[in-house]
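See structure below.
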Amino acid sequence: MSSDYRGPKYIVVSGGVISGVGKGLATASIGKILQQYGYKVTAIKIDPYLNYDAGTLRPTEHGEVWVTDDGGEIDLDLGNYERFLALDLPRQHNLTTGQIYHTVIERERRGEYLGQTVQPVPHITDEIKNRVAEAAESSDIALVEIGGTIGDDENRPFLFAMKSLERDVGEENMLYALVTYLPVPAHISEMKTKPTQQAIRLLSEHGIFPDFILCRAVDPIDEPRKKKITVSANIPIDRIISAPDSDTQYQVPLDYEKEGLGEKILNHLNLEPETTPDWSNWSKLIGRIRDPQHHVKVAMVGKYVEIGEYELTDSYISVNQSLEHAGASLDTDVQISWIDSKRLEGLSFEALAEFDGVIVPGAFGEGGADGVLEAIRFAREDGVPFLGLCYGLQMAVVEYARNVAGLLDASSAEIDPDGPNAVIDIQYSQREIIEESRYGGTMRLGGYAAVLKRDSRLIDLYERLGRLEDDAARLEKMRQNPNENFRVGVILDSERAVIERHRHRYEVSPKFIDLLEEHGLVFSGFHRRDDGTKLMEFIELPNHPFFVATQAHPEFKSRLEQPSPLFYGFMEACVARQAINRRQENGQPETV
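Residue 347 in the numbering used here sits at position 359 of the sequence shown, and the numbers go up by one each step.
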């Protein structure tokens, strides 16, 4: 490696002992700390599965699918990166084994290897290394998280590639962090370090020795345990970092900083702080999360909630986080109750009456649809704040068409393909794709512009939270990019627009828009394609405390320090409803 290397520094994060140990959160937290010291940071996630991307994985198996602005269907850890770092990362920042092998085989078929015998080493490992370097090139420091657990066979090529990258850039520009778990078996009530020692040994078999070890556990790790680990790892004891459970994930970077992790990392990478960290706003929001002024209860009526005896809230992790972001801004705690929509079918709705708001998040297919429709009707008729996301908008339109517009057989073509009044229908461009079973990466994906109706609740929310101005600047950049301008569509000079991310095949059928509007449904946002076609993006009911739905997934653009306008408005309405109910209970007038 040449001594005049001027490229980015690298921090490689791997995990030991168990999966789900918190590598993604650790990666995001380290990145946040380094941003506070003035460095331009990016993050890359490596997933060792053979799937090309996360788009066709079941949410109950792999958790939520994260959607990037450029239409990538990505591992949910990229959501942690974007939320913590306030970045919009491209799809190239997620590598899978499937992508790597697909690219190498395509190149072999085109003869690009000039007749060489194509092998895992060096061809697969070089492709990994080159992709990581390309994703990192515009940053000062690139964090690379390797999915899975040390010792997994499928991780070997990626660890080999990282060691090869170290040879290219120099060991002084590379840092390895190992995230491990220290269990406390109930029958002995003692924190055990042996699994961590084994993880260190497994990592060393790849020629990699951790520079820092982040010790996940229920409680902080004590000095005797640190001493045991430092002997196995052969690193200074001050590089054994305690990472105990926290009541909010946003506390994690502050916990790391209590042990001086930021400065220790900079010292290892031969860097000096560029700025003095300022955690004041971050800490203020954490304080509100921990000791809020208000408390509201929200019913989340979803389809990917239960598997066996377990509740899988990872299916909707971004919705959870968006509620927490809005709650922090409004000094409000939100208690989320997950309700599997199949459990609601045919039941009375006394149970929903205790909630201050109802959310129907994204989903696919017909299972549980009747329960969703009943929950939406309850929220609409009883004045309960309602927020529908993607599938939630589609079901809200079906419910309104049936029970207000008089189309008793209104349906979605996804649920009833032969129904006579499909108010939700598949896009024409999607029909051939479905017929040919080409499901992966073929939906309407990524960020698209939506023109907002003037004097609507939506435009007021986006303006109040500063998104109109921010999105206008982003839209102008997209117009100038030939690869992105189709996402802008046509926006007239007199119109205001925002950008939200999408992941769907079905849309509101234009044949029914006039009828629905005649019966009071307001379409408060739309995307106008170059051919003039309008795709409905938002609906609202003006005489309801808060009845709003979007075809998009606004949860993918919510950040702790900049909450989503839709979630903010929803939480605001929940707080107002609770205040009104409290006044009624006390015999006071219905004013807030």
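C-beta: ideal position from N, C-alpha, C; glycine also.
Three-state secondary structure (DSSP) of residue i
i, result
"Arg278", "helix"
"Phe535", "strand"
"Gly376", "strand"
"Glu297", "With a pLDDT of 46 at Glu297, under the threshold of 50, the predicted position of this residue should be treated as unreliable, and no value is reported."
"Glu608", "With the chain running from -11 to 580 in the structure shown, residue 608 is simply not present."
"Thr113", "helix"
"Val53", "coil"
"Thr30", "strand"
"Val0", "strand"
"Lys285", "strand"
"Trp326", "strand"
"His313", "helix"
"Thr44", "coil"
"Thr320", "strand"
"Glu96", "helix"
"Asn391", "helix"
"Gly(-5)", "coil"
"Glu581", "Nothing can be reported for residue 581: it is not among the residues displayed for the chain, which extend from -11 to 580."
"Glu495", "strand"
"Asn471", "coil"
"Phe200", "strand"
"Ile479", "coil"
"Glu488", "strand"
Contact belief for residue i with residue j at Cβ below 8 Å, rounded distance in angstroms
i, j, result
"Phe366", "Lys285", "Contact flag wrong, Cβ pair sits at about 15 Å."
"Ile414", "Ala401", "6 Å"
"Leu13", "Gln237", "6 Å"
"Arg213", "Leu166", "15 Å between Cβ atoms; not a contact."
"Ala42", "Asp63", "5 Å"
"Thr168", "Ser7", "Wrong, their Cβ atoms sit about 12 Å apart, outside the cutoff."
Within 9 Å, strictly: CB atoms of residue i and residue j
i, j, result
"Arg516", "Met431", "no"
"Phe511", "Leu395", "no"
"Leu254", "Asp199", "no"
"Ile274", "Gln239", "yes"
"Pro224", "Ile21", "no"
"Pro551", "His313", "yes"
"Arg489", "Gly435", "yes"
"Phe544", "Glu70", "yes"
"Gly4", "Gln186", "yes"
"Ile134", "Pro36", "yes"
"Val563", "Phe374", "no"
"Leu83", "Val120", "yes"
"Thr184", "Ile196", "no"
"Ile88", "Glu125", "no"
"Phe534", "Arg445", "yes"
"Tyr25", "Pro261", "yes"
"Val439", "Gly380", "no"
"Met288", "Ile347", "yes"
Spatially closest choice to residue i from the options, by CA coordinates
i, options, result
"Asp279", "Asp235, Arg213, Asp243 and Ala357", "Asp235"
"Asp404", "Tyr388, Met383 and Tyr169", "Met383"
"Ala437", "Leu449, Gly407, Leu480 and Asp413", "Leu480"
"Leu311", "Asp76, Ser7, Pro542 and Ala16", "Pro542"
"Ser644", "Leu381, Ser546 and Pro408", "The displayed coordinates of the chain run from -11 to 580. Any statement about residue 644 would go beyond what the structure contains."
"Arg467", "Gly195, Lys33 and Val478", "Val478"
"Leu131", "Ile18, Asn143, Gln24 and Arg189", "Ile18"
"Thr320", "Met179, Ala485 and Phe558", "Phe558"
"Ser482", "Arg442, Ala221, Pro145 and Val307", "Arg442"
"Ala389", "Gln281, Gly136, Ile527 and Thr521", "Ile527"
"Gly67", "Gly26, Ile347, Ala121 and Tyr304", "Tyr304"
"Ile597", "Ile568, Gly520, Asn258 and Val206", "The structure shown has nothing for residue 597, since the chain only spans -11 to 580."
"His194", "Asp358, Ser152, Ile229 and Ile228", "Ser152"
"Met524", "Asp63, Glu505, Gly454 and Lys330", "Glu505"
Residue i at chain B interface by Cβ criterion, 9 Å
i, result
"Ala437", "No chain B appears in this structure, which consists of one protein chain only."
Distance cut-off 8 Å: residue i Cβ against heavy atoms of the ligand ATP
i, result
"Asn469", "Absence of the ligand ATP from the depicted structure is noted, as is the absence of any ligand whatsoever, leaving it without description."
Of all the beta strand (DSSP E) runs that stay within the bounds of the stretch 212 to 247, which reach a length of 3 or more residues?
228 to 232
Going residue by residue through the stretch 501 to 576, where are the continuous beta strand (DSSP E) segments of at least 3 residues, counting only ones entirely within it?
510 to 516, 522 to 528 and 535 to 538
Alpha helix (DSSP H) runs wholly inside the stretch 57 to 93, at least 4 long, in chain order
65 to 73
List in chain order: all unbroken beta strand (DSSP E) runs of 3+ residues lying wholly within the stretch 132 to 175.
162 to 169
Please list the segments of the alpha helix (DSSP H) lying wholly inside the stretch 423 to 468, counting only runs of 4 or more residues, in order along the chain.
As for any alpha helix (DSSP H) of minimum length 4 sitting wholly inside the stretch 423 to 468, the runs are 445 to 452 and 455 to 468, ordered along the chain.
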